[in-house]
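Participant: There's a structure below that I have some questions on.
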Amino acid sequence: MAKELSEQHKRFLEALFDEAAGNAHMAKNIAGFSPGYSTRMLTNYLKEEIIEATQLHIAMNAPRAAMAIISGITDPTDLGTKEKLSAAKDLLDRAGLVKTDKIQVESVNGIMILPAKDKQVDD
Numbered sequence: 454m455a456k457e458l459s460e461q462h463k464r465f466l467e468a469l470f471d472e473a474a475g476n477a478h479m480a481k482n483i484a485g486f487s488p489g490y491s492t493r494m495l496t497n498y499l500k501e502e503i504i505e506a507t508q509l510h511i512a513m514n515a516p517r518a519a520m521a522i523i524s525g526i527t528d529p530t531d532l533g534t535k536e537k538l539s540a541a542k543d544l545l546d547r548a549g550l551v552k553t554d555k556i557q558v559e560s561v562n563g564i565m566i567l568p569a570k571d572k573q574v575d576d
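This note's numbering applies: residue 454 is where the sequence shown begins, and numbers increase by one.
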């Protein structure tokens, strides 16, 4: 985390990804901030820490997404499989585990494309 956080800020971040289930207003209340304290100001102040915690949360749930994909293979008739697979794919993409596409290029005559020649200017 980029800055030194108070215990209250730490409680806010913990509650945001636990009890409050992503609800910043609820996490603010759980952390003990006064009702008049602006949720927008709090989230703006902790923006970098919230993004970092979100990335960690996604990474922590990537194994569950992988298991959802495997369960979709083993029991494709389960209700909601299509939606689970789509959500799992999106989560894994965001975690950095993207599908790779391979392209094979073949040429019969061995064509080579060269970059354009630079024009020389005469003095």
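Here a beta-carbon is modelled for each residue, glycine too, at the ideal position from N, C-alpha and C. Just so we're clear, the structure is a prediction, and the values are computed from it rather than from any experiment.
Roughly how many angstroms separate the alpha carbons of A484 and T527, rounded to a whole number?
Facilitator: Position 31 of the sequence shown, counting from 1, holds the residue named residue 484. Position 74 of the sequence shown, counting from 1, holds the residue named residue 527. Computed Cα separation, rounded: 42 Å.
Participant: For E502, which option in N482, P488 and F470 has the closest C-alpha, if you only look at C-alpha atoms?
Facilitator: Locating residue 502 in the sequence shown gives position 49, where the first residue counts as 1. If we check each option's Cα against that of E502, F470 comes out closest.
Participant: Does I566 come within less than 7 Å of chain C when only Cβ atoms are used?
Facilitator: In summary, chain C is missing from the structure at hand, where a single protein chain is found.
Participant: Measure from the alpha carbon of K542 to the alpha carbon of each residue in N562, G489 and N514, then state which is nearest.
Facilitator: Here residue 542 refers to the residue found at position 89 when the sequence shown is read from its first residue. For the residues N562, G489 and N514, the minimum Cα distance to K542 belongs to N514.
Participant: Hey, I511 and A473: beta-carbon distance below 7 Å or not?
Facilitator: Within the sequence shown, residue 511 is the residue found at index 58, counting from 1. Within the sequence shown, residue 473 is the residue found at index 20, counting from 1. No.
Participant: With H, G and I counted as helix, E and B as strand and the rest as coil, what does DSSP make of K474?
Facilitator: Within the sequence shown, numbered from 1, the residue matching residue 474 stands at position 21. Residue 474 is actually Ala in this sequence, not Lys. DSSP places A474 in coil when its eight states are reduced to three.
Participant: Among Q508, H462 and I523, which has the Cα closest to the Cα of N497?
Facilitator: Residue 497 sits at position 44 when you count from the first residue of the sequence shown. Considering only alpha carbons, the answer is H462.
Participant: Tell me which residues share the same chain as F486 and place their Cβ nearer than 8 Å to its Cβ, disregarding the 5 neighbours each side in the sequence.
Facilitator: Taking the sequence shown and counting its residues from 1, the one referred to as residue 486 is at position 33. Same-chain partners within the cutoff: Q461, F465 and L495.
Participant: Check whether the Cβ atoms of G525 and L538 sit closer than 7 Å, and answer yes or no.
Facilitator: Counted from its first residue, the sequence shown places residue 525 at position 72. Counted from its first residue, the sequence shown places residue 538 at position 85. Contact: yes.
Participant: Between A468 and the rest of its own chain, which residues show a CB-CB distance below 6 Å, the 5 nearest in sequence each way excluded?
Facilitator: What you label residue 468 is simply residue 15 of the sequence shown in a count that begins at 1. Excluding sequence neighbours, A468 sits near A480, I483 and A484.
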